[in-house]
Structure formats: C-alpha cells, structure tokens
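>
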Amino acid sequence: MTTPTHDLPTPSGEPDPGSTGSSGGRADHDMDEPPKGGSFLGYLLRKLGGALTSMILVVVLGFFAFRMLPGDPVLKIAKERPMSPAQIAELRSQYGLDKPVIVQFWDYLVGIFTGELGESYVYRKPVSELIVDYLGPTLLLTATAAVLAIGLGLWLGQLSAWRRNSLFDKVASSTSLVFWSVPTFWLGLILLMIFGGTLQWLPTGGMITPGLDPWSPAGIIDVIKHLILPVITMVAVVYAQYLMVMRASLIEEMSEDYLTTARAKGLTEDEVRKKHAVPNALLPTITVVFMHIGGLITGAVTVEAVFSWPGLGKLTFEAISGPDLPLLQGTFVVFSAIIIVMNLAADIVYRFLDPRVRRA
Amino acid sequence: MTELSFANVSITYRSASTRGDVTAVSDISLDLPTGATLGIAGESGSGKSTLIMSALRLLPKSTTIDGQVRLGGKDIRDLSFGEIRAVRWAQASIVFQGALHSLNPVREVGGQIIEALEHHAKDAWMTPAKRRDRMFELLEEVDLDQSKAVSYPHELSGGQKQRIMIAMALACEPDIIIADEPTTALDVIVQKQILEGMARLVGERGISLLMISHDLAVLSAVCENLAIMRHGKLVEYGPSDQVCLAPEEDYTKQLANAFPQIGDAESRMNPRTLKPAEVRRAQPYEMTDEVVLEAKNLSVSFDTRQGRERAVRGVDLALHKAEILAVVGQSGSGKTTLARSLLGLQEVDAGSQLDFAGTALPRKAKALRAFRRQVQMILQDPSGSLNPKRSVYEAVVEGLRVQKITDDEYARVIGALEAAELTPAADYLESIPQELSGGQRQRVVIAGALALDPQVLIADEPVASLDASVRGEILSLFLALKKNLGMSALIITHDLGLAWNIADTVAVMKKGEIVEYGDVDTVLSDPQHAYTQELLAAVPRLGSQSLVNNG
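Residue numbers (the working numbering), protein chains in the order written: chain A, 1 to 360; chain B, 1 to 551.
1. As an exercise, report each continuous alpha helix (DSSP H) stretch of at least 4 residues that is fully enclosed by the segment 221-257 of chain B, in chain order.
2. Can you grab the Cα-Cα spacing for the pair A:GLY206 / A:PHE307, in whole Å?
3. Chain A beta carbons: is any one of them nearer than 8 Å to that of B:ARG70?
4. In chain A, which residues lie less than 9 Å from B:ARG88 when you measure between Cβ atoms?
5. Compute the distance between the beta-carbons of B:ARG163 and B:LEU144, then report whether it is under 8 Å.
6. Does the Cβ of B:ALA365 have 16 or more other Cβ atoms within 10 Å, making it buried, or fewer, making it exposed?
7. Distance check for A:SER176 and B:ALA169, CA to CA, integer angstroms please.
8. Going by alpha carbons, who is nearest to B:SER213 out of B:SER352, B:LYS48 and B:SER465?
9. Applying the 10 Å Cβ sphere with the 16-neighbour rule, what's the burial state of B:THR532?
10. Output yes if chain B places a C-beta closer than 8 Å to the C-beta of A:ARG92; else output no.
11. Return yes when the Cβ of A:VAL303 is within less than 8 Å of the Cβ of A:THR198, no when it is not.
12. Quick one: does the C-beta of B:PHE6 sit closer than 7 Å to a heavy atom of the ligand MN?
13. Quick test of your reading: B:ALA90 and B:HIS120, contact by CB under 8 Å. State the CB separation rounded to the nearest angstrom.
14. Using a Cβ-Cβ distance under 8 Å, would A:ASN280 count as near chain B?
15. Any Cβ of chain B within less than 8 Å of the Cβ of A:ARG356?
16. Can you name the residues that DSSP bridges to B:THR505?
17. Which same chain residues end up closer than 7 Å to B:PRO276 when comparing Cβ atoms and leaving out the 5 residues on each side of it in sequence?
18. Check each residue of the segment 103-123 of chain B: if its Cβ is closer than 7 Å to any Cβ of chain C, include it; give the result in chain order.
19. I need the DSSP call for A:ASP169, collapsed to helix, strand or coil.
20. Is there contact here, the segment 308-320 of chain A with the segment 125-144 of chain A, by at least three beta-carbon pairs under 8 Å?
21. What is the DSSP secondary structure of B:ASN552, counted as helix, strand or coil?
22. Buried or exposed for A:VAL171, going by 16 or more other Cβ atoms inside 10 Å?
23. Is the beta carbon of B:ALA451 less than 8 Å from the beta carbon of B:VAL396?
24. Determine the contact status of B:ILE474 and B:LEU466, defining contact as a CB-CB distance below 8 Å.
25. Rounded to whole angstroms, how far is the Cβ of B:MET198 from the Cβ of B:ALA217, which I believe are closer than 8 Å?
26. Give the DSSP bridge partners of A:PHE195, in chain order.
27. Say whether chain A places a C-beta atom closer than 8 Å to the C-beta of B:LEU58.
28. Quick one: which residues of the segment 234-258 of chain A get their C-beta closer than 7 Å to a C-beta of chain B? List them in chain order.
29. According to the neighbour-count rule (16 or more other Cβ atoms, all chains shown, within 10 Å of its Cβ), is A:TYR108 buried or exposed?
30. Within its chain, find whatever has a CB closer than 7 Å to the CB of B:PRO454; leave out the 5 residues flanking it on each side and keep chain order.
31. Taking 8 Å as the CB-CB cut-off, is B:ARG85 touching chain A?
32. Flag this pair as yes or no: are the beta carbons of A:TRP309 and A:PRO203 separated by less than 8 Å?
33. For B:ALA420, collect the residues of the same chain with a Cβ closer than 8 Å to its Cβ; drop the 5 residues on either side in sequence, then sort them by chain order.
34. Of all the CB atoms in chain B, is at least one closer than 8 Å to the CB of A:ASP347?
35. Could you work out which residue in B:ALA326, B:ASP495 and B:GLN440 is closest to B:PRO382 when comparing CA atoms only?
36. Pick from A:THR298, A:GLN329 and A:VAL288: whose alpha carbon is nearest that of A:MET68?
Below is the structure:
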C-alpha cells in the first residue's frame, strides 16, 4: 500500500465539514487515491525489447530446426540426374554445406542482417526475391480472410452473448464450432469439388487466369473469383475463435454493475450493449484477435497448397519437400516476424484502448 | 414533485432449477412522500435491493411483481419501455456502490455524467457545451476538483468514486434519489463526509431519499424513517429514533446491537450474537506481560515513480500472550503493510527490528517457514481466500502439508474445525466453499490457521465483508480463541466498534505512524490525539440523524 504524492491543484471549494485539515480525507486528496504514472515510452521499450528477444530466438531456431529435418538437400537435387561424387561435392561447396555448421550459422546470421537470405536450391533464385514475389498474394488472401472472419466472429459473438441460450445463440455457436473442428484441407477440397468441379462456378486453383492483366477490370474480377473459395475456407475454419472469445468476454461483462447504472440512466438495451458492454468486452478480445492473425497467416500454408495459391504458404510447402534449406529459413523467419509484429501491435493497441493499462 | 409508494409488493424470481421460484420480497407496503427520507435496513438476502430496483423496473425479466409500485401516482408496470426510460434518472436516480464496479472502467467519469444529461436533455443542458458546464458544476457540488472529470474510475479512491456516483445521480435534477449501500467499503471518515454531503444536497433541493444499508447506524444518521427487512418481509417500520433506540422486534434489536456503541459497558469484551462461541476453560486466559511478537522502530518504504514512499514510519508495537491488539486507521494508513511485515512477507527498512518470542525474525526462507507456523494470517474476504474447487478438508490441511506435519493429519483438521466452532466437523469436510455461508467460510479460513497451532493470528479486516449478525459470531470466536487457547491476535480494522468489542489494546495509525496506542478503555473513552477523536466522532451512532444535525 502506498501513499501517493499529489501535484493536483488545491480545490477552491469550501473545506469539508467535520474533517480537520490534516485528516487526509479531502475529496481531492484522498489517502488511498491510486498513484499515477507509467510512461508510454517505457512501456513501448519494454514491449519492443520482448519482441526483439523473440525475434532473435526465432532466427537461431530457424537455422537449427531445419537442419534436423530428414533428407539431404544435395542428394535430393542430385536425384533427378546422374551425378558423380565429385559433382555432388562441388554442389555442396557451392551451397556452403561443406563448411562446419558454426560457420554456416555465421554466414546465415550475416545474411539475415544484410537482407541476403541465400539462394533457393530449387528455384535457383535469391530467397529474398522469391519471398517478395510471393508475399503479395498471401497478404491479399489472409487480409481478406482476416477482416471477414474477425468481423463475422465478433458480430455473431456479441449477439450470441446478448441473447445467451436463445435459439440464435445455440445455432450460431454450434455452427461455428462445427466449422472450427473441420480440417482445413478437407473443407477446402469439398468446396473445390462442389463449386469448382461439379458446379463449375468458380476456378479450381491459382490466383488469375494466365494471360490476364491483374490490374485490368476483367483481371480484378478474375482474381476475386479465384479468391472466393480459399477465403471462404479460411474464414469458416477460424471465425469460431473470435465468436467464442467475444461471447465469453461479453457474458462476463453482462453481470457487471455499471450496466445496471447505464440502464438506470435511461439508456436503451441497444445503447447499453453498444456503448458500455461491448467496448469493455472488446478489450480481452483484441489481444486474441491479433494473436490469431499471426495464426491465420501460418494457416495459409494448407489453404494455399489446396488451392495452388501462389503465396508464401505454397512456397513453404514446396520448400519442405526439398528440404530447400535457405527458402525454409527465409519463409520461417518471415512468418515468425509477422506473428511477432502482430503481438507487438496487440500490446500497443491494447494500451491505447484500456485506460487501466495506459495509465497504470 | 414525485412520490414513490410500494403497496403490497411481492417479487418472485422464476427459476427453472430444482429450487423452484424464489420469493425475494413478500407483501411490502412503504411510502416515500415528497421530500421524505426513508432507510431500509437488512442483511444480504433480505430483498432490500430487489425492492428498490423494482421502483425503476430494473429487475431481470425472470421476475414477477405483484402489488403496486407507484411512482408519481402511476403504476410503473403500466408504463411503456420508452416511458420508463424517460422516468429513469430524470425523476428517480440511483446512487450505486460507486466504490465497487458501478462506473464503466474504460470511460472517463465526466463523460459518464454527461451521458445521463444527454439522455434527459432539458433546456438548461440542451447543448454539449452546457452539458459540460453542468457536469463541472456537479463535480463542484460534491467537492471534487474539475480535473477529476477526465479521470478513469481506477484512478480515483473509493470516496471519490462515490462522489462521482452522487454527482451523476443529481445530474438530471431528480425528485427521488435511491441510494444502494452508498458508504459500504468506505472507511468511517470518508463515510461521514459522503453521508453529510448527500444529506445536505438532498435537503437543499427537497429531494426524497430512499437509502438501503446493512448498517442501522448509517441509516439512522440520515433518515427520518426506518424500515427493517428480513427474508423479504417487513419486520419493523417507524421513525428512526423509535426503531433504533426502542426496537420492538428481536431481530431489530439484534441488528441494532451488531454495531456496538463505543463507551457502552455492556458491549465491551462482549460482541452481541445469538451464537456466542463457548469458553471452555475454567480459568480463561487473560492478557499477560509475556511479549510474543514485537516491532521496534519498524519502517517500510516503497519505491514509487514519485520517489521513495514511507508506508510505515518508525512503529513500535508489542503483542503479548493472550492479547488482542486492534490496529485501526483509514485506508491508506499503512496498516496492511504493517501486518505484512509482521508476517515476514514484506521487506523492512534497515534499522527496523522484529522479534518473535525474544529472537529476531529470520530472513531465510527455511527459517521463515518455521516462524510462519507460529504466526498465521486471516484475510478479509473468505470467498476470495478459499480456493473454490477445494473441499474444506483440503483447505484446512494445506498448511499442515506445507509445514510437513504428517502425524494425526485427520485429527488435527477435525480439531481445528471444532476450535473454529464448525461442529460437527465431520459434516463439513467434503463441502466446497460455494456450499457454505459467508460466516462458515470465514470459520474455515480461521480453522486453516488454527490447524498449525499458531501462537499468533494476524487478521486483516476479518469481519468487514460479513453480514451484521455473522460479524458478532466471528468476533466472539476470536475472543474465545484467546480465552481457551491463550492465542494472541493482531487485528487490522477500520472499525473502532470491533476494537471496543474484543480488543485489549488499540493502536491508531495515521499515514504510517502510530499516533495513539494504549488499552482500549483508555484510548476510546478518553482519546488524546486529535485524529483518534476525529475517527471516534465519525462513527455513526444510533439515533435520529446525528450526522446531519452535527454537520
């Protein structure tokens, strides 16, 4: 228990009746008034420090984890054509795989800091170039899916909570859980079979019909058509988590006294929900939302593989079958960086939204 | 002006569970004419909150109201939802327990006052700028600085939050204010300020006041008429004086006696209760000269962002065998920090000395464990200090297992429960906290401490969250533990009545220092220090409108 110091202006009002000046019971100088403080900069530095530590661990892990994968990348490359041991050794030295692991690690570290992630064994192109090429489609896919899933989940979640145990709640919650439990690839394949195969309404794979300019009106419509099935798959599988978190946190808020205060002030039920209950319930939800955006991007691996979406996920999928070590390392670091940045964003946004964290 | 009347009101909660419907209020008739003040007293479960919530139709849909609740001559059930919303706050507003969660935690308090004005816009506050002015005006009315408008609830003290609640209730110039336990969880001095402020504001404006509380003395300090409720029924109703000083019903007497009048010889060392704990020793222990726990020049400082804060300053204190010592003071006076350092839970400043049975308090974890067996802590809220998923047996046995006392485990648990007067102990072993009443839970917490055969109990507000009738039972238990077992106890409290009821000695703390220290009879009957006098003066006394008249 601390007794805070006060730098507040002294009140101009009359002194409190019945309390001597030294009692500390003045309205503006209560002894138990919580202390203020906490600079945003300090908070930001702490969180940045945490993010940086995670990033360093990811970089280290990215190198060693993939060297534990089974399969020799050089033998894999050599499999398709006849090669002499001398040629294989030549290949090894070309990729730097003949050097001691610690030297390879050093080269990798230096590469990361200079933006040089090595050259893909399979594509024979610099990894950084590949990642830049494939990042756009992934961002398009996951951002669309994220916006829809978050919007749908939060909206259904707050309605479910407000009408807890109603038919609406039961149908909405159980439907979302069914989709949540379905394997992503299975749902993707079923959708592909029905809408791409049997009905032939939508294209079955890729991002654009070859030959079309993606920036022409026809090209944009074509991309949207390609986008529909993978986005539906991703949204269906993940929106349940937003719904459930929103529902649970709103239900928790619903018994709070300040809602009774709001009702007693004459607010309608809708106003009570929108102005008081939902803003409070959103706070715990925000963190989960941001953390899951990271998860969504990694979830893209499956969807992209099923729909042949030319994104980072598909690139990773192909790199694993190598193993194409530089490419794997590159996508791993990029994926991890996105997740870490999202978590950092969650912390910062939360600080702006919740005054108790902002000024505590 | 508007008057509020309840005519033969019964309120039932429909319940699908096996318990069936629950009648919370049965056949209550009460009137609140224009400008009157009415207090309703009752313990938790008496239906008093349900009754007042019905006045603004704020009860959940699963309730049925029989009889008539009339506001300004109209039956509130006949109003449409739009009409009842217009009535809410404009005609009758509610002061909730602001100290708890009645303010939205993520919105500035000024904005929350303005929100009420927006919903009932009148000529005087038609525009946003006028509403802002009105809000500042209201803050001034309740003695808060304008700078507090942009504070969030967590940045305010309990008393300040309560002032915000009152400002909010006054916002739309209502005819009736309903106050729901407006001073619970506040300490006496702040309580007095709030009650005085409320009584003044209500009196000046001719607003009628309907106030509910579990504390008869608080109600009698402000209200002309008092109603006593129990189990949903009206027990007694009449002018404050008569109900408090010459009650007709036994239950009213019990409530009136629950909070002792300091100076009243009958309640000294005698907490009134229908279930007193038994004193089994032929020659009960009395306070001795043998020092058990002693603090010399004890100081505790914290590093805060504003620099180093001294929460406890040079405290000298000695707890003797079979002594009950009450440490009283307002919130923020450092009394909890003092208790924590006596337990070895809080690092103390250099130069402080803590002795237990003549030897210095160990600093090493292992030696401290042996010490903690001798000195046990009891916290305020038994619901919070018991793990809801653990049975009574597990809760009591935990200390024994931590201390690696393995012999006669079962017998020790039974013995502890019986010492805490949970008899027959075997019946309670498998219960989980949820199945017990508040008083029983606190007994389980006490049993958990007693299982280790400690020499000292340190209790932080042990009865503050308990009902009035249970309060007496628990206090009587503390007294019996002292008399039967020769136990010493240090009790942290803001309640001077508690000290009068059971303590041998009292230490008055203010801003980390002990300003007065001595035996209870001397200190409370003839206080020397101004602060002690102020504390004593702030304790509400039974009898008509004492605070209002003095203020």
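Glycine included, each C-beta is placed from N, C-alpha and C at the ideal position.
Let me lay it out:
1. 240-245
2. As a position in the first sequence, residue 206 of chain A is number 206, starting the count at 1. As a position in the first sequence, residue 307 of chain A is number 307, starting the count at 1. Distance between the alpha carbons of A:GLY206 and A:PHE307 is about 6 Å.
3. Translated into positions along the second sequence, residue 70 of chain B becomes position 70. False, the Cβ-Cβ gap to chain A never drops below 8 Å.
4. Start at 1 with the first residue of the second sequence, and residue 88 of chain B comes out as number 88. What B:ARG88 touches in chain A: ARG263, ALA264, LYS265, GLY266 and LEU267.
5. Position 163 of the second sequence, counted from the start, is the residue given in the question as residue 163 of chain B. Position 144 of the second sequence, counted from the start, is the residue given in the question as residue 144 of chain B. Contact flag set, yes.
6. Counted from its first residue, the second sequence places residue 365 of chain B at position 365. Flag for B:ALA365 reads exposed.
7. Within the second sequence, numbered from 1, the residue matching residue 169 of chain B stands at position 169. Within the first sequence, numbered from 1, the residue matching residue 176 of chain A stands at position 176. Each residue's alpha carbon lies about 43 Å from the other.
8. Position 213 of the second sequence, counted from the first residue, corresponds to residue 213 of chain B. Here the closest residue by C-alpha is B:LYS48.
9. By 1-based counting over the second sequence, the position of residue 532 of chain B is 532. Classification of B:THR532: buried, given that the 10 Å Cβ count is 16 or more.
10. Reading the first sequence from its first residue, position 92 is the one you call residue 92 of chain A. So, not an interface residue.
11. To locate residue 198 of chain A, count along the first sequence from 1; it is residue 198. To locate residue 303 of chain A, count along the first sequence from 1; it is residue 303. Cβ atoms of A:THR198 and A:VAL303: not closer than 8 Å.
12. Ligands are entirely absent from the displayed structure, and the ligand MN is therefore not among its contents.
13. Working through the second sequence from its first residue, we reach residue 90 of chain B at position 90. Working through the second sequence from its first residue, we reach residue 120 of chain B at position 120. Right, their Cβ atoms sit about 4 Å apart.
14. Working through the first sequence from its first residue, we reach residue 280 of chain A at position 280. For A:ASN280, the answer is yes, since a Cβ of chain B falls inside 8 Å of its Cβ.
15. Here residue 356 of chain A refers to the residue found at position 356 when the first sequence is read from its first residue. True, the Cβ-Cβ gap to chain B drops below 8 Å.
16. Along the second sequence, read from residue 1 onward, the residue named residue 505 of chain B stands at position 505. DSSP output for B:THR505 lists B:LEU325 and B:ASP519 as bridge partner(s).
17. Taking the second sequence and counting its residues from 1, one reaches residue 276 of chain B at position 276. Cβ neighbours of B:PRO276 beyond the five flanking positions: SER476.
18. Checking the listed chains, one finds no chain C in this structure; the protein chains it contains are A and B.
19. On the first sequence, position 169 is the one that residue 169 of chain A refers to. Helix, per DSSP.
20. yes
21. No information on residue 552 of chain B is available, as it lies outside the stretch 1 to 551 that chain B covers here.
22. Stepping through the first sequence from its first residue, residue 171 of chain A is reached at position 171. With fewer than 16 Cβ atoms within 10 Å of its Cβ, A:VAL171 is classed as exposed.
23. By 1-based counting over the second sequence, the position of residue 451 of chain B is 451. By 1-based counting over the second sequence, the position of residue 396 of chain B is 396. Yes, the Cβ-Cβ distance between B:ALA451 and B:VAL396 is below 8 Å.
24. By 1-based counting over the second sequence, the position of residue 474 of chain B is 474. By 1-based counting over the second sequence, the position of residue 466 of chain B is 466. Contact: yes.
25. Along the second sequence, one-based indexing puts residue 198 of chain B at 198. Along the second sequence, one-based indexing puts residue 217 of chain B at 217. Wrong, their Cβ atoms sit about 15 Å apart, outside the cutoff.
26. Counted from its first residue, the first sequence places residue 195 of chain A at position 195. For A:PHE195, which the question treats as bridged, DSSP gives no partner whatsoever.
27. Within the second sequence, numbered from 1, the residue matching residue 58 of chain B stands at position 58. Yes, because at least one Cβ of chain A sits closer than 8 Å to the Cβ of B:LEU58.
28. GLU256, ASP257 and TYR258
29. As a position in the first sequence, residue 108 of chain A is number 108, starting the count at 1. That one is buried.
30. Against the second sequence, residue 454 of chain B aligns to sequence position 454. If we look at B:PRO454 and ignore the five residues flanking it on each side, its Cβ neighbours are ARG373, GLN374, VAL375 and GLN376.
31. The count along the second sequence starts at 1 and reaches residue 85 of chain B at position 85. It does; some Cβ of chain A falls within 8 Å.
32. The count along the first sequence starts at 1 and reaches residue 309 of chain A at position 309. The count along the first sequence starts at 1 and reaches residue 203 of chain A at position 203. No.
33. Counted from its first residue, the second sequence places residue 420 of chain B at position 420. Cβ neighbours of B:ALA420 beyond the five flanking positions: ARG443, VAL444, ILE446, ALA447, LEU450 and LEU477.
34. In the first sequence, the residue the question calls residue 347 of chain A occupies position 347. Taking Cβ atoms only, chain B never reaches closer than 8 Å to A:ASP347, which makes this a no.
35. Within the second sequence, the letter at position 382 stands for residue 382 of chain B. B:PRO382 has its Cα closest to that of B:GLN440, out of B:ALA326, B:ASP495 and B:GLN440.
36. Reading the first sequence from its first residue, position 68 is the one you call residue 68 of chain A. Among A:THR298, A:GLN329 and A:VAL288, the Cα nearest to that of A:MET68 belongs to A:GLN329.
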